[in-house]
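These notes concern the structure reproduced below.
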Amino acid sequence: MPLMTELFFWILCLAAFVQDLKTRYFSSWWLLPCLLILLAAGLHPGPSLLFCALMLILHLLRRDWIGLADVTAMAFLSLLTGSALYPLTVVACLLGFLWTALIPEQTVPFVSCLSAAAALLAAAR
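1459 is the number that the numbering used here gives to position 104 of the sequence shown; each next residue is one higher, with no gaps.
Right, dumping it as structure tokens:
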């Protein structure tokens, strides 16, 4: 990924983390910077898009389990990373479980967990 695109990705992850953590809301305006990053970095569709489709079906069946923002964030990361979505989802789920253990609330800010997981995995490579 080019340096400016990577910097934009890090800023987007940080902004999404903070907004979701504070508001539990992910505006559709987030789609514009996501599309810009995808255009700059290139699409990497892989088998993880099937996983995103399953998450969308889960959202349609049980909206109280997973929000559309979570599905949208996973689709964006899926197109950006391809098959790397699987470790990202595992790390995000572990962060979600940790969040629930430390701060017992009704909802988990999963977009924040996805953003933190993306940052952790990007820093680890």
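The beta-carbon is built from N, C-alpha and C at its ideal position, and this holds for glycine as well. Just so you know, these numbers come straight off a predicted model, no measurement behind them.
- In the three-state scheme derived from DSSP, where H, G and I count as helix and E and B as strand, Tyr-1441 is classed as helix.
- In the displayed model, His-1414 falls within a helix according to three-state DSSP.
- Between the alpha carbons of Ala-1424 and Thr-1360 lies a gap of roughly 22 Å.
- For Thr-1360, the enclosing alpha helix (DSSP H) starts and ends at 1358-1378.
- Contact between the segment 1396-1406 and the segment 1428-1437 is present: three or more C-beta pairs spanning the two stretches fall below 8 Å.
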